[in-house]
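Sequence order for the protein chains is A and B.
So for the first sequence, UniProt numbering puts the first residue at 1; every next one is plus one.
So for the second sequence, UniProt numbering puts the first residue at 1; every next one is plus one.
By construction, the Cβ of each residue, glycine as well, lies at the ideal position given by its N, Cα and C atoms.
Quick caveat, the model's predicted, so the values are computed rather than measured.
So the structure is just underneath, and the comments pick up after that.
There are 2 protein chains.
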Amino acid sequence: MIEQNEKPAPTCSGKHTKEECAKGLQALEDTFYVIGGKWKLKIINALRIGGSSRFNQLQQTVTGISARILSKELKELELNGFIKRNVYTETPVVVTYEITPYSNTLGPVLSTLIEWGTTHRNKIKNDYKELTTSKD
Amino acid sequence: MIEQNEKPAPTCSGKHTKEECAKGLQALEDTFYVIGGKWKLKIINALRIGGSSRFNQLQQTVTGISARILSKELKELELNGFIKRNVYTETPVVVTYEITPYSNTLGPVLSTLIEWGTTHRNKIKNDYKELTTSKD
DNA sequence: GTTAGTACTATCCTAAAGGTTAGCGCTAAC
DNA sequence: GTTAGCGCTAACCTTTAGGATAGTACTAAC
Numbered sequence: 001m002i003e004q005n006e007k008p009a010p011t012c013s014g015k016h017t018k019e020e021c022a023k024g025l026q027a028l029e030d031t032f033y034v035i036g037g038k039w040k041l042k043i044i045n046a047l048r049i050g051g052s053s054r055f056n057q058l059q060q061t062v063t064g065i066s067a068r069i070l071s072k073e074l075k076e077l078e079l080n081g082f083i084k085r086n087v088y089t090e091t092p093v094v095v096t097y098e099i100t101p102y103s104n105t106l107g108p109v110l111s112t113l114i115e116w117g118t119t120h121r122n123k124i125k126n127d128y129k130e131l132t133t134s135k136d
Numbered sequence: 001m002i003e004q005n006e007k008p009a010p011t012c013s014g015k016h017t018k019e020e021c022a023k024g025l026q027a028l029e030d031t032f033y034v035i036g037g038k039w040k041l042k043i044i045n046a047l048r049i050g051g052s053s054r055f056n057q058l059q060q061t062v063t064g065i066s067a068r069i070l071s072k073e074l075k076e077l078e079l080n081g082f083i084k085r086n087v088y089t090e091t092p093v094v095v096t097y098e099i100t101p102y103s104n105t106l107g108p109v110l111s112t113l114i115e116w117g118t119t120h121r122n123k124i125k126n127d128y129k130e131l132t133t134s135k136d
């Protein structure tokens, strides 16, 4: 919201990057398509860290998710090859979910995302501190 | 969807990782909160690659976005310190958007996300090829 | 004075995501 | 026979994201 009056900006479109940009756009689209949404990466992360888990256990770990959504997301994740569902026909029936090797390709994605979120939270905290401490 | 009947799985909850898991969950939550959604990362990526751009230019680059949404997203991104809005009071008025240094902290996030999306697309292609080529 | 361009914005509407509640089929314990 | 736990699932509802269309304020050109 700052007004300026110097140069009309050189309409820097950069033809050489249009293709690159389209590729990036496509790749982001693809990524969001399979692991986008509120829960998928959280579930995968929980299974990566906590190891194979059962349904109710998972619902406790991934705080806030409802059984309906968890069930739906697990189905989608299984369909896309990110997790494996194991049924032990005992009494009572036990079902466990575990990540597949393919999920491990998401390792770097998860770590950068988590790292960024952590640093961002600290930044916000500091910004707030500075705001309340300084008096100018 | 595979049935088994071996061990009831050792209820591997792993107390030592609960905290770790909660932290990851929180970090993912924070990340999604500021750069989640269908468009934000795409816009930042476009500005990163294409350099500072004007409104209509951006709308062309980020294919599929409507003016209303673009306007809304840009406001949010500016509020959170990811982009800078420059107004050149000329005739006609020209407005450019550019990324801030803080946006550059998203570099690793964007590249891993884009890289993963690209490899995933190739995997899907190969899976499909194998499916249509082999006859078993 | 009409048209065109720039950068939006208001209104309205649809569709997808997600939440709430209740319940099923099974078995084992009280 | 009632309760409780496991792993869901169906029905219904709310919230949010996003899309379509039209219009605003300004100015300059025709």
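Inter-residue spacing [alpha-carbon to alpha-carbon] between residue i and residue j
i: SER71 of chain A; j: ASP30 of chain B; result: 24 Å
i: VAL34 of chain A; j: ASN80 of chain A; result: 8 Å
i: LEU41 of chain B; j: VAL93 of chain A; result: 43 Å
i: GLU130 of chain B; j: LYS123 of chain B; result: 11 Å
i: THR91 of chain B; j: ASN126 of chain B; result: 53 Å
i: VAL62 of chain A; j: VAL95 of chain B; result: 43 Å
i: ILE49 of chain A; j: PHE32 of chain B; result: 20 Å
i: GLU20 of chain A; j: PRO101 of chain B; result: 21 Å
i: THR119 of chain B; j: GLN26 of chain A; result: 12 Å
i: SER53 of chain A; j: VAL87 of chain A; result: 12 Å
i: ILE69 of chain A; j: LEU47 of chain A; result: 16 Å
i: GLY64 of chain A; j: LEU28 of chain A; result: 27 Å
i: TYR128 of chain A; j: TYR128 of chain B; result: 51 Å
i: LYS18 of chain A; j: LYS18 of chain B; result: 44 Å
i: THR89 of chain B; j: ARG121 of chain B; result: 45 Å
Terminal residues of the beta strand (DSSP E) in which residue i lies
i: THR96 of chain A; result: 94–99
i: ASN86 of chain A; result: 83–88
Sequence-distant residues of its chain with Cβ nearer than 7 Å to residue i (five each side left out)
i: ALA67 of chain A; result: GLN59
i: GLU73 of chain B; result: TRP39, LYS40, ILE43
Residue i - containing alpha helix (DSSP H), residue span
i: VAL62 of chain B; result: VAL62 of chain B -> no alpha helix (DSSP H), and no H or E assigned at all.
i: SER111 of chain B; result: 107–133
i: LYS38 of chain A; result: That residue, LYS38 of chain A, is in no alpha helix (DSSP H); it is neither H nor E in DSSP.
C-beta atoms of residue i and residue j nearer than 7 Å
i: THR105 of chain B; j: PRO108 of chain A; result: no
i: ILE114 of chain B; j: GLY117 of chain A; result: no
i: GLU78 of chain B; j: ARG85 of chain B; result: yes
i: ASN45 of chain A; j: LEU110 of chain A; result: yes
Residues near residue i by beta carbon distance below 8 Å, same chain, minus five either side
i: GLY51 of chain A; result: GLU98
i: ALA22 of chain B; result: none
i: GLY37 of chain B; result: GLU73
Residues near residue i by beta carbon distance below 6 Å, same chain, minus five either side
i: SER103 of chain A; result: ILE44, PHE82
i: THR133 of chain A; result: none
Residue i CB to nearest heavy atom of the ligand ADP below 6 Å
i: ILE44 of chain A; result: Here there are no bound small molecules, and the ligand ADP is not part of this structure.
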